[in-house]
Structures are given as C-alpha cells and as structure tokens.
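**Q** Residue numbers (numbering that gives the first Met the number 0): 0 to 72. Each residue gets a CB set at the ideal place from its N, CA and C atoms; glycine is no exception. Just so it is clear, the structure is predicted and the values come from calculations on it, not from any experiment. My structure is below; once you've seen it, I'll send some questions.
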Amino acid sequence: MHTWTTEKPTVPGWYWTRWKIEGDASEYTYDVMRVEERWPGPELVDADDPFSFPLDHDSYAKHEWAGPMKPPQ
C-alpha cells in the first residue's frame, strides 16, 4: 500500500492521485495518472488524455499522490 503525499512525483511511472471535492471536506475524487519525463522537466500525462500538463501546473496544486505503482491493465 502506498502512502499519500502532497509532494509531486519526481520519477516517471503510474500514480494514484486524489483531490478533495469542492465544497466537501471529507470526499475525494481519485484518478490514475502517468508521469513521463519530457523537456524541460517532468510532466503529468493523463492515461486517457493525449494532452500533457506540467506537474507544477496550478490545477494540481491541491492534489495528493501515491506511487509509483504497476501500470493499470
């Protein structure tokens, strides 16, 4: 079992990510994301989305991360 952390991934691989549902302090939304090394640095690549976003993008500021893990089947 992996531990949740607010530190963004620094190693390429597959990660669980979660964030709190807006307006509900106790509910989370979960997703599986793939981190790949791309120039100029690590970028987040959604497993289901061909578009990539830098890990330091504001939209991930409140995300928690767990991993890396085995790729989903």
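Just curious, the beta strand (DSSP E) that Ser58 is in, first and last residue?
**A** Element bounds for Ser58: n/a, residue is neither H nor E.
**Q** Can you pull the DSSP bridge partners for Ser25?
**A** In DSSP, Ser25 forms no bridge with anything.
**Q** Skipping 5 residues on each side, what residues in its chain have a beta carbon closer than 7 Å to that of Val10?
**A** Cβ within range, chain order: Pro67.
**Q** I'd like to confirm the pairing. Which residues does DSSP put opposite Gly12 in its beta bridges?
**A** Its beta-bridge partners are Val34.
**Q** Can you give the Cα-Cα distance for Phe52 and Val44, rounded to whole angstroms?
**A** In a straight line, the C-alpha of Phe52 is about 7 Å away from that of Val44.
**Q** Could you check the C-alpha separation between Ser58 and Thr5 for me, to the nearest Å?
**A** If you take the alpha carbons of Ser58 and Thr5, they lie about 13 Å apart.
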